[in-house]
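Student: I'd like to ask some things about the structure below.
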Amino acid sequence: MKSLTFTIESQGRKSERNIRIDRLIVAGWTGRNREKMEEHIIELEKLGVKRPVSTPVFYRVSAARLTFNPLIEVPGASSSGEAEPLLIHDGERILLGLASDHTDRAVEAYGITVSKQMCDKPCAPICWLLDEVFDHWDALELTSMIEENGVTAEYQRGRLAAMLSPKDLISALERAGGTFKAGTAMLCGTLPAIGGVRPSSFFEMTLSDPALGRSISHRYEVLTLPVEG
């Protein structure tokens, strides 16, 4: 269980809501475009990650991993972030936020479920009401940036039209035997990395809503811990 106080932005107003997260789910392979999804599968296969038996896939992760912290500590230098839409059921409504499925790629090569548990999942403290973006979900844009050779580089860019809609994703979760009820948070999948998956000392991500002229951003630093033995 994890309690986080989110700022909800709606129609130019802000309100705070403390939400208890009982279940954290990381959805994988949520692309609508099969060719693009295959591109990401191949991208990870090059790192030794086995392709999924079916898609989408829903991994359970400790709710304690969801964090606003601007710094995460990771073992070794093989982890990397992935910008993802974040759905949260606060008991009354479904909210839309932004999170990073920061994952240990070395561990992912032999156990995806274990790799998802290895690193914190940084998220932005800002959320929107899903109802306010539902009719233009496809136009929402997701981007991320990393540091590479001392220079900031674009890492991901694309519209959420590339991913399953919230309705279709929740339906798939229910078909798989899960439920999206009060206290559930779900990372909804990601976009291919420009130039391939790789680590960075920081990760910066943005979810933009061009229809309503607003955005959610979050940046976090990555502290690499030594691996002994």
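Residue numbers (my numbering): 460 to 688. Ideal placement from N, C-alpha and C gives every residue a C-beta, glycine not left out.
Would residue 581 and residue 647 be called neighbours here (beta carbons separated by less than 7 Å)?
Tutor: Not a contact, by the Cβ cut-off of 7 Å.
Student: Could you give the DSSP three-state label for residue 605: helix, strand or coil?
Tutor: Strand.
Student: Cα separation between residue 527 and residue 662?
Tutor: Each residue's Cα considered, the two are about 13 Å apart.
Student: What are the start and end residues of each continuous alpha helix (DSSP H) run of 4 or more residues lying completely inside the region 485 to 533, in chain order?
Tutor: Complete alpha helix (DSSP H) runs here, min 4: 493 to 504.
Student: Apart from the five residues just before and just after residue 558, which ones in its own chain have a Cβ nearer than 6 Å to its Cβ?
Tutor: Correct list, in chain order: 543, 545, 580, 582 and 646.
Student: Keeping to the same chain, check which residues put their C-beta closer than 8 Å to that of residue 589; ignore five residues upstream and five downstream.
Tutor: Once the five neighbours on either side are set aside, the close Cβ partners of residue 589 are 546, 552, 553, 554, 555 and 625.
Student: Among 644, 671, 601 and 611, which has the Cα closest to the Cα of residue 402?
Tutor: Because residue 402 is not part of the residues shown, which for the chain are 460 to 688, the question remains open.
Student: So what does DSSP say about residue 618, is it helix, strand or coil?
Tutor: Residue state, collapsed to three classes: strand.
Student: In its own chain, which residues sit with a C-beta less than 8 Å from the C-beta of residue 563, not counting the 5 before and 5 after it?
Tutor: The answer, listed in chain order, is 533, 534, 535, 537, 538, 574, 577 and 578.
Student: I'd like to confirm the pairing. Which residues does DSSP put opposite residue 464 in its beta bridges?
Tutor: Paired residues: 477.
Student: Mind checking residue 651: buried by the 16 CB within 10 Å criterion, or exposed?
Tutor: Result: buried.
Student: Can you give me the Cβ contacts of residue 690 inside the same chain, cut-off strictly under 8 Å, excluding the 5 residues immediately before and after it?
Tutor: This structure cannot settle anything about residue 690, because the visible part of the chain is limited to 460 through 688.
Student: Would you tell me roughly how many angstroms separate the C-alpha atoms of residue 636 and residue 570, rounded to the nearest one?
Tutor: Distance between the alpha carbons of residue 636 and residue 570 is about 22 Å.
Student: Taking 7 Å as the cut-off, decide whether the C-beta atoms of residue 522 and residue 473 are in contact.
Tutor: Not in contact: residue 522 and residue 473 (Cβ atoms no closer than 7 Å).
Student: So, is residue 686 buried or exposed, given that buried needs 16 or more other C-beta atoms within 10 angstroms?
Tutor: By the neighbour-count rule (16 or more Cβ atoms within 10 Å), residue 686 is not buried but exposed.
Student: What is the DSSP secondary structure of residue 548, reduced to helix, strand or coil?
Tutor: Residue state, collapsed to three classes: strand.
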